[in-house]
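Chains as they are written, first to last, in the numbering used here: chain A, 8 to 118; chain B, 119 to 233. No residue lacks a Cβ here, since even glycine has one placed at the ideal position from N, Cα and C. Keep in mind it's a predicted model, so treat the numbers as computed, not measured.
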Amino acid sequence: AQKITQTQPGMFVQEKEAVTLDCTYDTSDPSYGLFWYKQPSSGEMIFLIYQGSYDQQNATEGRYSLNFQKARKSANLVISASQLGDSAMYFCGYGGFKTIFGAGTRLFVKA
Amino acid sequence: DSGVTQTPKHLITATGQRVTLRCSPRSGDLSVYWYQQSLDQGLQFLIQYYNGEERAKGNILERFSAQQFPDLHSELNLSSLELGDSALYFCASSAESGGRFDEQFFGPGTRLTVL
């Protein structure tokens, strides 16, 4: 069965610094996707970035990049130049036959 | 605004009762997903519908059921409610083109409180 693991329940980062949120997955599907969503305290779910398993290059969207290492089954989210507004819950997800989310990482950005 | 609407925003009911949550997907999106977010279980995938047909099933209890109507809106029915069903229920929609993952656009959620 597919599984997503986020091992960091909470993380602190200084404003303007980069931070990496870890995500590992387990699957036997030949084709799949990995993605990240942000959930601020307001509760909405905001799509950040997507990586397909056959994509040759790591996905980037503005300050967000996905460090995809297929052999290690990891899909870490890198946020560059953190901003106070980045403080939120971040969910890693797996998209295949079913959609599965990890437990989430709460990020705190310090001024 | 994602374009996905959910009603009601808040729902307070008693144990043993039945409720219906409603979701209207973004215009043109054929797929609808339902998720349950609770403090102890995280964000759990419940079920997906594509163009009126059930496509994938996750951790959905037998007391729960869903359907997608011809106009593509979807309803999630929760019956014999228990205290543990208190959660935020999200609906999401996607275009579902070509079998590849499409970004899921989430609605604002329905906060269900079972007393």
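Quick one: Cα of Val-20 of chain A to Cα of Val-116 of chain A, how far? Locating residue 20 of chain A in the first sequence gives position 13, where the first residue counts as 1. Locating residue 116 of chain A in the first sequence gives position 109, where the first residue counts as 1. About 5 Å.
Is Leu-87 of chain A buried or exposed, if buried means 16 or more other CB atoms sit within 10 Å of its CB? Counting from one through the first sequence, the residue named residue 87 of chain A turns up at place 80. Reading the sequence as shown, one finds Ser at residue 87 of chain A and not Leu. By the 10 Å Cβ count, Ser-87 of chain A comes out exposed.
Report yes if the C-beta distance between Gln-76 of chain A and Asp-36 of chain A is below 8 Å; otherwise report no. Walking along the first sequence from the start, residue 76 of chain A turns up at place 69. Walking along the first sequence from the start, residue 36 of chain A turns up at place 29. Cβ distance not < 8 Å, so Gln-76 of chain A and Asp-36 of chain A don't count as in contact.
For Arg-79 of chain A, list the residues DSSP reports as bridge partners. For the purposes of this step, residue 79 of chain A is taken as the residue at position 72 of the first sequence. Paired residue(s): none; Arg-79 of chain A is not in a bridge.
Under the three-state DSSP convention, the category Asp-119 of chain B falls into: Mapped onto the second sequence, residue 119 of chain B falls at position 1. Reduced to three states, the DSSP call for Asp-119 of chain B is coil.
Chain A contact residues for Leu-206 of chain B, given Cβ-Cβ distances below 8 Å: Against the second sequence, residue 206 of chain B aligns to sequence position 88. Those are Gly-50, listed as they occur along chain A.
Same chain, Cβ closer than 6 Å to Ile-165 of chain B, neighbours up to 5 away in sequence not counted: One-based indexing of the second sequence puts residue 165 of chain B at position 47. Trp-152, Lys-175, Ile-178 and Ala-184.
6 Å CB neighbourhood of Gly-170 of chain B in its chain, flanking five on each side removed: By one-based count along the second sequence, residue 170 of chain B stands at place 52. Excluding residues within five positions, the ones whose Cβ falls inside 6 Å are Gln-186.
Quick one: what does DSSP say Leu-230 of chain B is sitting in, helix, strand or coil? On the second sequence, residue 230 of chain B is found 112 positions in, with the first residue counted as 1. Leu-230 of chain B: strand per DSSP, three-state reduction.
Provide the residue(s) that pair with Phe-104 of chain A in DSSP beta bridges, ordered along the chain. The residue you call residue 104 of chain A lines up with position 97 of the first sequence. Phe-104 of chain A pairs with nothing; no bridge assigned.
Quick check on Gly-160 of chain B - is its C-beta less than 8 Å from some C-beta in chain A? Position 42 of the second sequence, counting from 1, holds the residue named residue 160 of chain B. Answer yes: the Cβ-Cβ gap between Gly-160 of chain B and chain A drops below 8 Å somewhere.
Where do the ends of the beta strand (DSSP E) carrying Glu-172 of chain B lie? Walking along the second sequence from the start, residue 172 of chain B turns up at place 54. Unbroken beta strand (DSSP E) run through Glu-172 of chain B: 171-175.
Measuring only between beta-carbons, confirm whether Thr-106 of chain A sits less than 8 Å from chain B. Here the question's residue 106 of chain A lines up with position 99 in the first sequence. Chain B, which has a Cβ nearer than 8 Å to the Cβ of Thr-106 of chain A, makes this yes.
For a contact meaning CB atoms closer than 7 Å, what does Phe-75 of chain A contact in chain B? Here residue 75 of chain A refers to the residue found at position 68 of the first sequence. Result: empty, since nearest Cβ-Cβ is about 14 Å, beyond 7 Å.
Rounded to the nearest angstrom, how far is the Cβ of Gln-46 of chain A from that of Cys-30 of chain A, given a contact under 8 Å? As a working note, residue 46 of chain A is residue 39 in the first sequence. As a working note, residue 30 of chain A is residue 23 in the first sequence. At roughly 15 Å, the Cβ-Cβ gap does not stay under 8 Å, so Gln-46 of chain A and Cys-30 of chain A are not in contact.
Does chain A have any CB closer than 8 Å to the CB of Gly-227 of chain B? Walking along the second sequence from the start, residue 227 of chain B turns up at place 109. For Gly-227 of chain B, the answer is yes, since a Cβ of chain A falls inside 8 Å of its Cβ.
Consult DSSP for Asp-33 of chain A and reduce its assignment to one of helix, strand or coil. As a first step, residue 33 of chain A must be located in the first sequence, where it is residue number 26. Of the three classes helix, strand and coil, the one that applies to Asp-33 of chain A here is strand, per DSSP.
May I have a chain-ordered list of the beta strand (DSSP E) segments no shorter than 3 residues that lie completely inside the stretch 136-196 of chain B? 137-142, 149-156, 160-168, 171-175, 182-186 and 192-196
Would you say Gly-216 of chain B faces chain A, with C-beta separation under 8 Å as the test? Start at 1 with the first residue of the second sequence, and residue 216 of chain B comes out as number 98. With a pLDDT of only 48 at Gly-216 of chain B, under the threshold of 50, the placement of this residue in the model should not be trusted; the figure read from the coordinates follows. Gly-216 of chain B does not count as touching chain A.
Comparing alpha-carbon positions, which option in B:Leu-201, B:Val-150, B:Val-232 and B:Ser-204 lies nearest Ala-210 of chain B? As a working note, residue 210 of chain B is residue 92 in the second sequence. For the residues B:Leu-201, B:Val-150, B:Val-232 and B:Ser-204, the minimum Cα distance to Ala-210 of chain B belongs to B:Val-150.
With a CB to CB cut of under 7 Å and the five nearest residues on each side skipped, what residues in its chain are close to Gln-154 of chain B? What you label residue 154 of chain B is simply residue 36 of the second sequence in a count that begins at 1. Here the set comprises Gln-162, Leu-164, Ala-205 and Tyr-207.
What residues in its chain sit with their C-beta under 7 Å from that of Ala-110 of chain A, if we drop five residues either side in the sequence? As a first step, residue 110 of chain A must be located in the first sequence, where it is residue number 103. Around Ala-110 of chain A: Gln-13.
So with CB distances below 8 Å, who are the chain A contacts of Phe-163 of chain B? Here residue 163 of chain B refers to the residue found at position 45 when the second sequence is read from its first residue. Simply Lys-105, Thr-106, Ile-107 and Phe-108.
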